[in-house]
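Position in the sequence shown (first residue = 1) + 18 = our numbering. Positions of the beta carbon are idealized from the N, C-alpha and C atoms, including for glycine. Source: prediction; values computed, not measured. Read through the structure below, which is laid out as structure tokens, and then see the notes.
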Amino acid sequence: MTGAAFIIGPSRSGTSVLALALGRHPQIEATEELHYYNLLQPTALSGGHGKAWLWARLCAIQDEGRFFEIKDGTLTDLPEPAFEDLPKPDKPLLRGFFERLAQRAGATTVIEQTPMNLYYRDEIRRDFPEALFLLIRRDPRAIIASQKMRWKVGEYGQRDIPARDVARVRHSGHPILQLLLLRKTLHAMQSAMDEDDVVPITYEDLVTDPDRILANLAGRLGHEYDPAMREVSDAGSSHASEGGHIGFDPGRLESWRRSLTATEIWLTERLFGKALVMPATGSRPRLGEALWLMLSFPWAVARALYYSAGGYGNLIDAARRRFL
């Protein structure tokens, strides 16, 4: 049986780099962010699509990197797989997809890395009763800063990210909106911490002591530690160009100090002081910065909703899970 684990936590908390590290183990296959439970499955249900439709899109995301086309509904040239290529009718589709990936890679464990699976743990447990959840936490100031600067990922990485998605993350990265989102996320994380199948990880510990953290995780997944796991790239940074750096870089842990204003730091420390990983700065709010945050917030929300429409399966359900 193929083992399965799901990396969950706040977006921009280090889920991707953890997946990259684990995926360097010869017995572990890491997927892309498949967005199966929050996007693909709801879209299939609302559109009356079957397993072949879902399978084709899972393959397109994993093998061809076509997530943006699928999310935006612009993918029109996907042939549906033959019936005999699909898993048996009594097997959950994603489980069958994981088994296909493991067989192809010669692996025994598959890791999925969609952060929003934090809100879909019950659905995942129905499909994968034996799965582990790797719950990653990070200093809230680093998360808010990374969300604020997230729209620069395409620029820093010179990636082909659609203009609509760049606009979406630029507006949705407004610090007040992200603080509101983080409130529910931290509450969900606190609930998850008490669950037996959840393994907590702190991003800052991963960066400063990768051998220990990755060895512990490998052990939980039933594998010996492989030093190659720590040789990850700097892909996906919100703060610096991807210069091909290999290995975890503790020097970036406080990049949020350059990206956040004094008022944004103060707000984050005020609201989430108990969740800080690094010491509080004692920053104080500034009137001009506070006024700009309040005045720009309604416009940012309106534009974020506009650019998100049609791209998240059931948008109402996604909003309910993340805000209420």
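Can you name, in chain order, every residue of its own chain whose Cβ lies under 6 angstroms from the Cβ of residue i, other than the five neighbours on each side?
i    : result
F266 : V225 and P228
R304 : A280 and T281
A70  : E98 and P99
W274 : R159, A160 and A163
R230 : none
Q165 : R30, G191 and Q196
A37  : I25, A48, I129 and Q131
Less than 8 angstroms between the C-beta atoms of residue i and residue j, yes or no?
i    : j    : result
S31  : R155 : yes
L153 : G237 : no
A210 : F151 : yes
T220 : L136 : no
I142 : Y55  : yes
P110 : L294 : no
I25  : I129 : yes
E117 : T20  : yes
A123 : A22  : no
L239 : T127 : yes
S29  : A163 : no
P180 : D108 : no
W284 : R270 : no
L93  : A78  : yes
D183 : F86  : yes
I264 : E249 : yes
Looking only at its own chain, which residues have a Cβ that is under 8 angstroms from the Cβ of residue i, when we skip the five neighbours before and after it?
i    : result
L58  : L52, L72, R75, L76, I88 and G331
K106 : G114
M247 : A39, L40, R42, H43, P228, L232 and A236
E307 : T279, A280, T281 and E282
S314 : H192
Give the secondary structure of residue i by DSSP, where H, G and I count as helix, E and B as strand, and everything else as coil.
i    : result
E102 : helix
A48  : strand
G83  : coil
G300 : coil
G21  : strand
S64  : helix
S273 : coil
V128 : strand
S17  : Absent from the structure is residue 17, since the part of the chain shown begins at 19 and ends at 342.
Which same chain residues, not among the five before or five after residue i, have their C-beta less than 7 angstroms away from its C-beta?
i    : result
A318 : H189, H192 and L195
L112 : Y54 and D145
P216 : Note that residue 216 is Val in the sequence shown here, rather than Pro. So the list reads F151, L153 and A210, once near-sequence residues are dropped.
A125 : Q45, I46 and E47
Y138 : Y55 and N56
Q176 : Residue placement at Q176 is flagged as unreliable, the pLDDT there being 47, under the threshold of 50; a coordinate-derived value is accordingly withheld.
Would you check if there are 3 or more beta carbon pairs closer than 8 angstroms linking the region 91-99 to the region 37-50? Contact fails: fewer than three Cβ-Cβ distances are below 8 angstroms.
Whole beta strand (DSSP E) elements within the region 140-187, 3-residue minimum: DSSP runs (the beta strand (DSSP E)) wholly in the region 140-187: 150-155.
Curious, which full-length beta strand (DSSP E) runs of at least 3 residues does the region 189-230 contain? Scanning the region 189-230 for uninterrupted beta strand (DSSP E) segments of 3 residues or longer gives 216-220, listed from N- to C-terminal end.
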